[in-house]
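213 is the number of the first residue of the sequence shown in the working numbering; add one for each residue after it. Heads up, the beta-carbon is just placed ideally off N, CA and C, and yes, glycines get one too. Being a predicted model, the structure only gives us computed values, none of them experimental.
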Amino acid sequence: VDTLGRLWRLGSNGLQVSTDTTWGDFKNFPMPGELQPNWGEADLDPVLWLPNGRVLFAHQQQLFCFREGDGSYHEIPLPLDPSSRQDSRIRYFLLDGKGRPVFEFQGHIYRLEHDESITHLWASPNRDKILSTWLFQDPQGVLWYGTEGEGLYRINTLTPDFATEKYQQNYLVDILTNELGVPLGQIPANWQQSFWAYGLRYQETPRGLVLTQESYGYGDARRIYSLENGKLSRWNLPEQDKNYIIGLGNDSTGWYAVDIAGYYFYWSDLNSLPEITRLKMIENTAQERLSDLVVDEQYQWLLSARHGLYQVQNGAILDSFALISEDYKLVDLCQDPTDADILWISSLGGGLLKWSKQEKQVVKIFTDSDGLAENNVAVIVPDDYQNLWVATFNGISKLNLTTQRFSNYNKKDGLLESEYNRFHGMKLPDGRIALGGTAGYAIFDPEAFQDDTYSPNILLGSFQVNEVPIWFGPDSEGLDQPLNRARELSLGYNENTVSFQLSTDQYNDPTANRFRYQLTDYNRNWVELGTNRTVRFDQLPPGD
Numbered sequence: 213v214d215t216l217g218r219l220w221r222l223g224s225n226g227l228q229v230s231t232d233t234t235w236g237d238f239k240n241f242p243m244p245g246e247l248q249p250n251w252g253e254a255d256l257d258p259v260l261w262l263p264n265g266r267v268l269f270a271h272q273q274q275l276f277c278f279r280e281g282d283g284s285y286h287e288i289p290l291p292l293d294p295s296s297r298q299d300s301r302i303r304y305f306l307l308d309g310k311g312r313p314v315f316e317f318q319g320h321i322y323r324l325e326h327d328e329s330i331t332h333l334w335a336s337p338n339r340d341k342i343l344s345t346w347l348f349q350d351p352q353g354v355l356w357y358g359t360e361g362e363g364l365y366r367i368n369t370l371t372p373d374f375a376t377e378k379y380q381q382n383y384l385v386d387i388l389t390n391e392l393g394v395p396l397g398q399i400p401a402n403w404q405q406s407f408w409a410y411g412l413r414y415q416e417t418p419r420g421l422v423l424t425q426e427s428y429g430y431g432d433a434r435r436i437y438s439l440e441n442g443k444l445s446r447w448n449l450p451e452q453d454k455n456y457i458i459g460l461g462n463d464s465t466g467w468y469a470v471d472i473a474g475y476y477f478y479w480s481d482l483n484s485l486p487e488i489t490r491l492k493m494i495e496n497t498a499q500e501r502l503s504d505l506v507v508d509e510q511y512q513w514l515l516s517a518r519h520g521l522y523q524v525q526n527g528a529i530l531d532s533f534a535l536i537s538e539d540y541k542l543v544d545l546c547q548d549p550t551d552a553d554i555l556w557i558s559s560l561g562g563g564l565l566k567w568s569k570q571e572k573q574v575v576k577i578f579t580d581s582d583g584l585a586e587n588n589v590a591v592i593v594p595d596d597y598q599n600l601w602v603a604t605f606n607g608i609s610k611l612n613l614t615t616q617r618f619s620n621y622n623k624k625d626g627l628l629e630s631e632y633n634r635f636h637g638m639k640l641p642d643g644r645i646a647l648g649g650t651a652g653y654a655i656f657d658p659e660a661f662q663d664d665t666y667s668p669n670i671l672l673g674s675f676q677v678n679e680v681p682i683w684f685g686p687d688s689e690g691l692d693q694p695l696n697r698a699r700e701l702s703l704g705y706n707e708n709t710v711s712f713q714l715s716t717d718q719y720n721d722p723t724a725n726r727f728r729y730q731l732t733d734y735n736r737n738w739v740e741l742g743t744n745r746t747v748r749f750d751q752l753p754p755g756d
């Protein structure tokens with residue numbers, strides 16, 4: 213049915229449209245003979261009216277488009293999959309949120325773009341054996357694909373699957389060789405030891421990257437390299453077999469680095485050796501466990517895993533700040549890409565810390581109660597779209613810096629694993645992000661991941677009064693319609709213990725839903741339930 217209320221249907225030789233909204237009489241648009249398929253059985257062929265005046269329809273394995281303006285037909289070529297069941301046909305049409313048709317063919321889900329090009333969205337893993345039974349789109353835009361004998365598949369077009377690779381050497385070496393085109397022979401031998409992949413630190417430059425890698429115990433540990441056009445070039449730095457670099461960065465005057473022993477390096481000219489200073493206030497660097505460095509135009513900010521944050525300038529520590537309980541180890545330090553005042557700090561067990569340089573304090577701690585995937589945060593990587601990608605010990609979180617809301621991803625989104633390693637994170641020069649876990653890495657284009665803006669509706673169910681289930685219906689006492697439609701409930705003075713279950717119409721990831729409630733004139737504040745869905749009121753006082 214189109215926006216004029218007319219009914220479009222597929223006849224024996226082409227499309228037909230009703231002449232009015234009563235659907236009594238129809239006008240026929242015969243297809244040219246050279247386009248007409250062998251119709252045969254056509255009662256299951258889908259027809260879809262499009263907002264731009266086109267009508268899309270299918271027969272068996274052919275897709276056609278009709279333009280009402282000039283009465284013309286044309287066929288849209290489809291990709292054929294020889295590995296799929298060859299008796300499958302185009303069965304379902306639906307429109308996505310942008311008015312683009314989505315359909316299923318041979319176990320694949322496709323989208324027809326506005327220019328009539330075809331985008332592949334998903335492939336059934338058993339398309340050589342099974343047939344589909346239906347295709348449905350929920351209010352979030354998530355597709356649900358039913359099959360014969362294989363159950364139900366969820367296809368989230370807002371979240372493309374992550375590309376994953378198992379490690380061949382270690383995180384850094386595999387990224388350099390597989391993604392950045394560096395020949396293995398150029399990579400230092402001590403970087404190729406799997407254990408020392410935890411020591412990666414890097415900085416973006418207009419021409420590539422600057423990299424350093426922990427390599428204690430394998431000869432010269434203090435190495436920094438520039439990476440440009442697939443070639444590594446080593447910096448001038450005195451050799452040292454133990455004190456590896458833990459952080460580096462640059463401002464408009466030059467480059468800075470700090471090693472694990474608290475030695476501070478400054479280059480105004482990369483063709484010369486650096487100026488070297490020992491940071492005086494750090495007496496026991498082994499206990500401090502220096503971890504990371506961020507450089508801005510005024511100061512260098514040095515993170516200690518055990519102590520907190522140091523404010524450094526010209527090789528001297530100006531101030532220090534304890535950030536969190538000593539029970540939590542601090543790991544990664546990241547400059548907010550949208551606000552020069554904010555530093556982000558990851559912790560093992562304490563969540564994600566937001567620290568203000570001006571206020572000189574933590575202004576917010578994000579934990580799993582705020583939507584963070586897990587409180588053990590391994591690495592933070594900013595993208596080019598005002599987001600932070602936060603890898604944890606239980607999946608990946610994307611923090612939208614504008615809304616301060618999280619989107620979480622795990623194995624159901626195509627990740628190889630859930631646990632991610634410290635400092636196994638990098639934004640590549642092309643904007644992609646690579647995050648490394650215990651067995652391999654995930655690599656993805658952050659621009660392809662859209663925020664879920666759907667606001668789910670709260671649904672009420674499993675209603676009980678004094679522990680007795682109450683069902684709606686004509687014979688029900690006090691509930692003559694579904695609970696979600698009821699505007700009020702009338703209970704006796706002794707019917708004062710009430711409970712019900714909460715749910716939503718957000719089907720994409722129900723385990724990610726968090727609930728809270730407040731009963732007017734009874735609860736002073738919101739009651740946070742988290743993932744618990746049961747609301748219970750005991751001994752309610754009688755009302756008017």
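Where residue i falls: helix, strand or coil (DSSP)
i    : result
I387 : helix
N678 : coil
F749 : strand
E631 : coil
S581 : helix
G649 : strand
A335 : strand
A254 : Model confidence at A254 stands at a pLDDT of 49, short of 50, so the residue's coordinates are unreliable; what they give is reported in the following sentence. A254 falls in the coil class under three-state DSSP.
P313 : strand
A603 : strand
Q510 : coil
E659 : helix
G411 : helix
D544 : strand
D504 : strand
K378 : strand
K576 : strand
K639 : strand
Q693 : coil
Bridge partner(s) assigned by DSSP for residue i
i    : result
F684 : None; F684 has no bridge partner.
G742 : F727
N240 : Q228
Y719 : In DSSP, Y719 forms no bridge with anything.
N462 : W467
I399 : Note: I399 sits in no beta bridge, so no partner.
S295 : DSSP lists no partner for S295.
E816 : A query on residue 816 cannot be resolved here, the shown segment of the chain reaching from 213 to 756 and no further.
G420 : T417
P594 : L600
T359 : S344
T215 : For T215, which the question treats as bridged, DSSP gives no partner whatsoever.
W261 : V267
Integer Cβ distance of residue i from residue j, believed to fall under 8 angstroms
i    : j    : result
V751 : N708 : Val is not the amino acid found at residue 751; the sequence shown has Gln there. 6 angstroms between Cβ atoms; contact.
R601 : I645 : It is Trp, not Arg, that sits at residue 601 in the sequence shown. Confirmed, Cβ separation roughly 6 angstroms.
G420 : P641 : 6 angstroms
P594 : P549 : 4 angstroms
F374 : D625 : 6 angstroms
T489 : G527 : 3 angstroms
N587 : G607 : The pair is not a contact, with the Cβ atoms about 12 angstroms apart (cut-off 8 angstroms).
V524 : G461 : 11 angstroms between Cβ atoms; not a contact.
Segment limits, beta strand (DSSP E) that includes residue i
i    : result
D471 : 467-471
K610 : 607-612
A270 : 266-271
S445 : 443-446
F278 : 274-279
Y322 : 320-324
S568 : 564-568
S558 : 554-560
N529 : Before going on, a small fix: residue 529 reads as Ile here, not Asn. Its beta strand (DSSP E) spans residues 528-534.
L306 : 305-307
F348 : 344-349
N220 : Contrary to the premise, residue 220 reads as Trp rather than Asn in this sequence. W220 -> beta strand (DSSP E) spans 220-222.
L521 : 520-525
Any C-beta of chain B under 7 angstroms from that of residue i
i    : result
Q415 : No chain B appears in the structure shown, which is made up of a single protein chain.
Do the stretch 536-545 and the stretch 554-573 touch if we need at least three Cβ pairs shorter than 8 angstroms? yes
At least three beta-carbon pairs within less than 8 angstroms, the stretch 649-657 to the stretch 616-635: yes
Three Cβ pairs or more, each shorter than 8 angstroms: is that satisfied between the stretch 320-335 and the stretch 286-294? yes
Three or more C-beta pairs under 8 angstroms: does that hold for the stretch 478-491 against the stretch 609-616? no
Check whether the stretch 736-753 touches the stretch 692-701, taking contact to mean three or more Cβ pairs, one atom from each stretch, closer than 8 angstroms. Because the criterion of three Cβ pairs below 8 angstroms is not met, the stretch 736-753 and the stretch 692-701 do not touch.
Does the stretch 235-244 come close enough to the stretch 274-290 that 3 or more CB-CB pairs lie under 8 angstroms? yes
Cβ contact check for the stretch 390-407 and the stretch 359-371: 3 or more pairs under 8 angstroms: no
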